[in-house]
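Asker: Dumping the structure here so I can ask a few things about it.
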Amino acid sequence: MSAVTPTSWGRYPTARPRQIQSCRDVQALALPDETLSRLPFGNGRSYGDVCLNNNGVLLLTRRLDRFIAFDPATGVLRAEAGILLAEILALIVPQGWFLPVTPGTQFVTLGGAIANDVHGKNHHVAGSFGCHVRAFELLRSDGNHLLCTPEQNTEWFQATVGGLGLTGLITWVEIQLQRIANPWIVAENRRFASLDEFLALDVEYEARYPYIMSWIDCATGLGRGIYMAGMHAPPGLLKSPPPQRRGLTVPFIPPISLVNSLSVAAFNRLYYHLPRPARGLIPYQPFFYPLDNLREWNRLYGRQGFFQYQCVIPPANAHAALWEILARIVVSGQGSMLAVLKRFGDKTSGGLLSFPRPGVTLALDFPNRGQSTLDLLERLDEVTRQAGGAVYPAKDARMSGDSFRHYYPQWVEFSRFIDPRFSSSFWRRVMEH
Amino acid sequence: MRNLLIIGATSAIAEATARRFAATGARFYLVGRNIERLAAIARDLEIRSGQPVVHESLNLDQIDQHPALLERISQTFGGIDIALIAHGTLPDQNACQQSVTATLAAIHTNALSVISLATLLANDLETRGRGTLIAISSVAGDRGRQSNYVYGAAKGMVSLFLQGLRNRLSSKGIQVITVKPGFVDTPMTAAFEKKGRLWAQPDQIAQGIVAAVERGRDEVYLPWFWRWIMLVILHLPEGVFKRLTL
Ligand SMILES: Cc1cc2nc3c(=O)[nH]c(=O)nc-3n(C[C@H](O)[C@H](O)[C@H](O)COP(=O)(O)OP(=O)(O)OC[C@H]3O[C@@H](n4cnc5c(N)ncnc54)[C@H](O)[C@@H]3O)c2cc1C
Ligand SMILES: NC(=O)c1ccc[n+]([C@@H]2O[C@H](COP(=O)([O-])OP(=O)(O)OC[C@H]3O[C@@H](n4cnc5c(N)ncnc54)[C@H](OP(=O)(O)O)[C@@H]3O)[C@@H](O)[C@H]2O)c1
Numbered sequence: 042m043s044a045v046t047p048t049s050w051g052r053y054p055t056a057r058p059r060q061i062q063s064c065r066d067v068q069a070l071a072l073p074d075e076t077l078s079r080l081p082f083g084n085g086r087s088y089g090d091v092c093l094n095n096n097g098v099l100l101l102t103r104r105l106d107r108f109i110a111f112d113p114a115t116g117v118l119r120a121e122a123g124i125l126l127a128e129i130l131a132l133i134v135p136q137g138w139f140l141p142v143t144p145g146t147q148f149v150t151l152g153g154a155i156a157n158d159v160h161g162k163n164h165h166v167a168g169s170f171g172c173h174v175r176a177f178e179l180l181r182s183d184g185n186h187l188l189c190t191p192e193q194n195t196e197w198f199q200a201t202v203g204g205l206g207l208t209g210l211i212t213w214v215e216i217q218l219q220r221i222a223n224p225w226i227v228a229e230n231r232r233f234a235s236l237d238e239f240l241a242l243d244v245e246y247e248a249r250y251p252y253i254m255s256w257i258d259c260a261t262g263l264g265r266g267i268y269m270a271g272m273h274a275p276p277g278l279l280k281s282p283p284p285q286r287r288g289l290t291v292p293f294i295p296p297i298s299l300v301n302s303l304s305v306a307a308f309n310r311l312y313y314h315l316p317r318p319a320r321g322l323i324p325y326q327p328f329f330y331p332l333d334n335l336r337e338w339n340r341l342y343g344r345q346g347f348f349q350y351q352c353v354i355p356p357a358n359a360h361a362a363l364w365e366i367l368a369r370i371v372v373s374g375q376g377s378m379l380a381v382l383k384r385f386g387d388k389t390s391g392g393l394l395s396f397p398r399p400g401v402t403l404a405l406d407f408p409n410r411g412q413s414t415l416d417l418l419e420r421l422d423e424v425t426r427q428a429g430g431a432v433y434p435a436k437d438a439r440m441s442g443d444s445f446r447h448y449y450p451q452w453v454e455f456s457r458f459i460d461p462r463f464s465s466s467f468w469r470r471v472m473e474h
Numbered sequence: 070m071r072n073l074l075i076i077g078a079t080s081a082i083a084e085a086t087a088r089r090f091a092a093t094g095a096r097f098y099l100v101g102r103n104i105e106r107l108a109a110i111a112r113d114l115e116i117r118s119g120q121p122v123v124h125e126s127l128n129l130d131q132i133d134q135h136p137a138l139l140e141r142i143s144q145t146f147g148g149i150d151i152a153l154i155a156h157g158t159l160p161d162q163n164a165c166q167q168s169v170t171a172t173l174a175a176i177h178t179n180a181l182s183v184i185s186l187a188t189l190l191a192n193d194l195e196t197r198g199r200g201t202l203i204a205i206s207s208v209a210g211d212r213g214r215q216s217n218y219v220y221g222a223a224k225g226m227v228s229l230f231l232q233g234l235r236n237r238l239s240s241k242g243i244q245v246i247t248v249k250p251g252f253v254d255t256p257m258t259a260a261f262e263k264k265g266r267l268w269a270q271p272d273q274i275a276q277g278i279v280a281a282v283e284r285g286r287d288e289v290y291l292p293w294f295w296r297w298i299m300l301v302i303l304h305l306p307e308g309v310f311k312r313l314t315l
């Protein structure tokens with residue numbers, strides 16, 4: 042069914058664009074000429090309001106979804122900005138290539154991946170998505186087409202990588218893929234009983250595995266969890282293509298959240314104790330995209346929607362700050378189903394407003410229970426700010442303008458590159474309050 | 070490897086359908102009006118299918134050009150396995166009511182040019198004794214309604230024509246498929262507010278078209294529920310129907 046009013050993944054906040062315009066052709070793209078502010082909208086996989094533009098124009102990019110060039114010898118791929126990573130994978134995996142960096146869902150667009158400079162499980166070796174972008178074209182509202190590469194129009198390149206859609210419309214993108222010998226993943230799982238153990242495991246595994254992430258139980262406050270590492274399988278290990286998976290869809294939005302303290306505690310206990318092989322081969326989809334098979338799972342959180350809180354804490358303060366954050370969550374009784382922990386490496390894309398920076402990142406989901414949830418998240422921000430960390434705009438729907446400007450002092454420099462005709466609900470929120 | 074001819078290849082429904090065929094391995098000959106758009110689609114399909122794609126620009130209203138078009142195709146492309154006729158326009162009903170010229174132009178594009186191409190293609194397939202001819206008609210062709218009966222009349226003519234063609238060719242091993250989409254979110258319907266569950270995405274229609282080919286169907290309503298909606302609409306007595314605002 043066709044989208045009526047585009048929403049973000051958290052279904053909060055709601056925003057009503059005055060106009061919705063579907064972009065269709067890279068060649069014949071004319072930005073609507075009028076006074077309302079505009080914002081590109083990819084596939085709405087951002088949780089909060091970076092992809093929303095209340096009372097403005099949304100430029101839907103999903104129909105800009107053609108491949109422009111692909112060289113199977115070098116792995117250089119160029120495509121229009123609205124194509125989904127899932128469509129790219131369907132083309133390249135059978136030809137022995139893989140995305141250089143992928144977020145935890147394959148249903149994001151190339152444009153969205155750049156605008157949030159997304160990261161994946163391999164950040165500690167590969168950096169963020171922007172590190173692998175060779176070029177893109179930026180269309181400004183004055184009709185200028187800027188070819189941006191790390192060497193050409195460098196300032197525009199760096200402003201647009203992580204630029205939250207505010208610097209103009211990205212029309213096409215060229216990326217460098219990575220070679221793989223096999224569509225299967227060698228995966229390893231380890232339980233850890235505390236945060237200390239997690240940090241120790243990291244030292245042990247990071248040298249051996251390019252993909253690492255951990256799930257952490259935040260219902261008990263023990264800091265226990267499961268450490269998951271993986272690498273692309275070597276050639277010859279298994280040749281058959283991974284099986285096609287049939288997805289399920291959450292068919293409607295329940296009036297109240299099905300995620301509550303009872304189900305969260307039960308889920309966390311179950312997930313921790315669930316038997317899982319210590320080491321094994323799995324197809325790449327369940328490894329990278331465990332939730333993509335349950336389509337529209339965000340509906341489980343009900344009509345009020347939900348928040349995600351993702352922060353990064355610099356290495357020196359990581360241990361103490363993460364403890365404090367977990368403690369504050371346990372005290373609040375608002376546990377999170379899916380808490381994810383990962384260490385970021387030193388490699389950066391140079392994106393002015395990019396979120397990833399050296400440290401440990403933690404991501405948590407919270408059903409929206411109104412003021413009490415907002416209060417809790419504000420208390421978490423206190424910790425993040427004191428620890429010199431930052432919160433990820435792609436996941437945010439509520440941080441204060443003060444917090445944002447504290448986390449991203451480069452916003453002043455960035456402002457010079459904002460297209461005068463572009464704006465977003467997010468940007469107005471963090472600039473005005 | 071199947072040879073696909075797509076006429077009106079820049080249509081959103083046609084493009085989605087071509088991608089689904091490309092994934093199964095296919096060679097394409099694309100015909101459309103807008104050359105830039107056509108070239109971008111051809112390049113995309115080359116990457117998806119791994120095969121070179123031929124494209125050619127033609128305003129399909131020029132019916133006298135159709136025989137030469139088919140001649141070029143048979144010379145440079147070879148035998149067609151599947152031909153899809155997808156082009157169309159959604160005329161402004163009010164403008165048509167005020168202008169015979171506009172009415173006839175809509176019928177020219179949506180009915181006459183389709184019938185011309187279907188005739189030539191059917192004969193071509195018949196000579197070779199195999200192949201599939203698909204044309205996109207519409208649920209609008211099932212019953213005339215005040216809001217779009219000019220478009221509906223053209224589509225109705227296409228549906229009836231294909232029915233006859235199917236009857237003629239059924240013993241010759243030629244498959245003729247009439248596709249009747251409901252409301253689809255494409256540039257053709259850009260001006261409509263797409264509220265409600267009746268609106269489908271082009272890829273849903275594409276999926277239905279591919280399934281119709283694989284399963285040897287004659288006529289498909291897409292998505293499927295339109296069959297039942299149209300069953301009800303077709304059975305309303307005219308005395309009642311004429312008073313409805315549809
Ligand atoms: C289940 C799930 C798991 C996730 N896991 C991760 C993860 O592991 N790591 C991570 O980093 N993120 C993750 N995310 C977040 C997601 O990757 C980002 O929010 C991503 O940017 C969404 O892309 P989108 O195409 O849906 O863009 P949207 O959400 O629609 O838009 C995102 C931003 O991109 C801008 N934009 C979109 N297209 C263009 C364009 N063509 N030109 C200019 N600007 C544009 C928009 O204006 C907006 O500011 C996850 C999200 C989900 C739902
Ligand atoms: N969308 C719906 O709700 C719906 C419902 C039922 C049936 N249909 C039918 O589905 C088919 C495909 O339409 P669509 O929905 O995919 O819309 P679309 O994307 O607008 O496609 C229509 C295409 O027809 C082409 N065309 C029109 N006149 C032409 C001409 N004289 N010569 C060459 N090409 C011409 C257009 O070319 P340009 O790109 O050059 O304009 C356009 O690409 C049409 O037959 C339509 O009637 C659509």
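Those protein sequence lines, which keep their order, are chains A and B.
No gaps in the numbering here: position 76 of the first sequence is 117 in the numbering used here, and each next residue is one more.
No gaps in the numbering here: position 44 of the second sequence is 113 in the numbering used here, and each next residue is one more.
Think of the CB as a built atom: it goes at the ideal place given N, C-alpha and C, for glycine as much as any other residue.
It should be emphasised that the depicted structure is a prediction, and the values quoted were computed from it without experimental measurement.
1. Using a Cβ-Cβ cutoff of less than 8 Å, which residues in the same chain neighbour V123 of chain B once the five nearest sequence positions on both sides are dropped?
2. Please list the terminal residues of the continuous beta strand (DSSP E) segment that includes L229 of chain B.
3. Measure the alpha-carbon distance for S87 of chain A versus R317 of chain A and round it to whole angstroms.
4. Got a sec: is the Cβ-Cβ distance from P256 of chain B to anything in chain A below 9 Å?
5. Considering Cα atoms alone, identify which of B:I278, B:G221, B:I142 is closest to L315 of chain B.
6. Of the residues A:N163, A:S182, A:S466, A:A120, which one's Cα is nearest the Cα of Y252 of chain A?
7. With 8 Å as the C-beta to C-beta threshold (strictly closer), list the residues of the region 74-89 of chain B near chain A in chain order.
8. For M70 of chain B and chain A, any beta-carbon pair shorter than 9 Å?
9. Which complete beta strand (DSSP E) runs does the region 140-226 of chain B hold, if anything under 3 residues is left out?
10. Between the region 450-468 of chain A and the region 200-220 of chain A, can you find at least three pairs of beta-carbon atoms closer than 8 Å?
11. Is DSSP giving P316 of chain A helix, strand or coil here?
12. By DSSP's criteria, I289 of chain B is part of a beta bridge. Which residues make up the other side?
13. Let me see if you follow: with CB-CB separation under 9 Å, is F463 of chain A close to chain B or not?
14. Buried or exposed for S228 of chain B, please, with buried defined as at least 16 other CB atoms from any protein chain shown within 10 angstroms of its CB.
15. Counting C-beta neighbours from all protein chains within 10 Å, is the total for N163 of chain B 16 or more, i.e. buried, or is it exposed?
16. Within the present structure, is the beta-carbon of M257 of chain B separated from the nearest heavy atom of ligand 2 by less than 8 Å?
17. Can you list, in chain order, the residues of its chain with a C-beta nearer than 7 Å to that of G374 of chain A? Leave out the 5 residues immediately preceding and following it.
18. Looking at chain A, is there any beta carbon in it that lies within less than 9 Å of the beta carbon of A171 of chain B?
19. Can you list, in chain order, the residues of its chain with a C-beta nearer than 6 Å to that of I104 of chain B? Leave out the 5 residues immediately preceding and following it.
20. Less than 9 Å between the C-beta atoms of V91 of chain A and A435 of chain A, yes or no?
21. Does any C-beta atom of chain B lie closer than 9 Å to the C-beta of L132 of chain A?
22. Is the Cβ-Cβ distance between L234 of chain B and A191 of chain B less than 9 Å?
23. Excluding the 5 residues flanking S395 of chain A on each side, which residues of the same chain have their C-beta closer than 8 Å to its C-beta?
24. Go through its chain and collect everything with a Cβ distance to N179 of chain B's Cβ below 6 Å, but skip five positions before and after it.
25. With a cut-off of 8 Å on the beta carbons, I'd call D106 of chain A and I124 of chain A a contact; round off their distance for me.
26. Given a threshold of 16 other Cβ atoms within 10 Å of its Cβ, counted over all protein chains shown, does M70 of chain B qualify as buried or as exposed?
27. For the beta strand (DSSP E) holding H447 of chain A, just list the boundary residues, first then last.
28. Can you have a look at E283 of chain B and say buried or exposed, based on whether 16 or more other CB atoms are within 10 angstroms of its CB?
29. Ligand 2 and P271 of chain B: does any heavy atom of the ligand fall closer than 8 Å to the residue's C-beta?
30. Taking C-beta pairs closer than 8 Å, name the residues in chain B that R107 of chain A reaches, listed in chain order.
31. Expressed to the nearest angstrom, what Euclidean distance is found between the alpha-carbon atoms of A428 of chain A and R457 of chain A?
32. Cα-Cα, which of A:D406, A:G145, A:G266 is closest to E238 of chain A?
33. Could you tell me if M440 of chain A is buried or exposed, where buried requires 16 or more neighbouring beta carbons within 10 angstroms of its beta carbon?
34. Quick check: what's the CA-CA separation for G251 of chain B versus E84 of chain B?
35. Please check if any C-beta of chain B sits within less than 9 Å of the C-beta of G392 of chain A.
36. Please name the residue or residues paired with D106 of chain A in a DSSP beta bridge.
Answerer: The structure says:
1. F97, Y98, L99, A111, T145, F146
2. First-last for L229 of chain B: 218-238, but that is the alpha helix (DSSP H), not the beta strand (DSSP E).
3. In this structure, the CA atom of S87 of chain A is about 30 Å from the CA atom of R317 of chain A.
4. Closer than 9 Å to some Cβ of chain A, the Cβ of P256 of chain B qualifies, so yes.
5. B:G221
6. A:N163
7. From the region 74-89 of chain B, only A81 have a Cβ closer than 8 Å to chain A.
8. no
9. 151-154, 200-205
10. Yes: the two stretches touch, three or more of their Cβ pairs being nearer than 8 Å.
11. coil
12. The question names Ile, but residue 289 of chain B is Val in the sequence shown. Bridge partners of V289 of chain B: B:V248.
13. False, the Cβ-Cβ gap to chain B never drops below 9 Å.
14. buried
15. exposed
16. yes
17. Excluding positions up to five away in sequence, the list reads S302.
18. Not an interface residue.
19. S126
20. yes
21. yes
22. yes
23. D158, S169, G171, V202, G203, T389
24. Excluding sequence positions up to five before and after N179 of chain B, its CB lies within less than 6 Å of the CB of G157, A223, all in the same chain and listed in chain order.
25. 4 Å
26. exposed
27. For H447 of chain A, no beta strand (DSSP E) encloses it; the enclosing alpha helix (DSSP H) starts and ends at 442-448.
28. exposed
29. It does: the Cβ of P271 of chain B is within 8 Å (strictly closer) of some heavy atom of ligand 2.
30. A109, I110, R112, D113
31. 29 Å
32. A:G266
33. Answer is buried; the Cβ neighbour count reaches 16.
34. 18 Å
35. With a threshold of 9 Å between beta carbons, G392 of chain A makes no contact with chain B.
36. BP columns for D106 of chain A are empty, so no partner.
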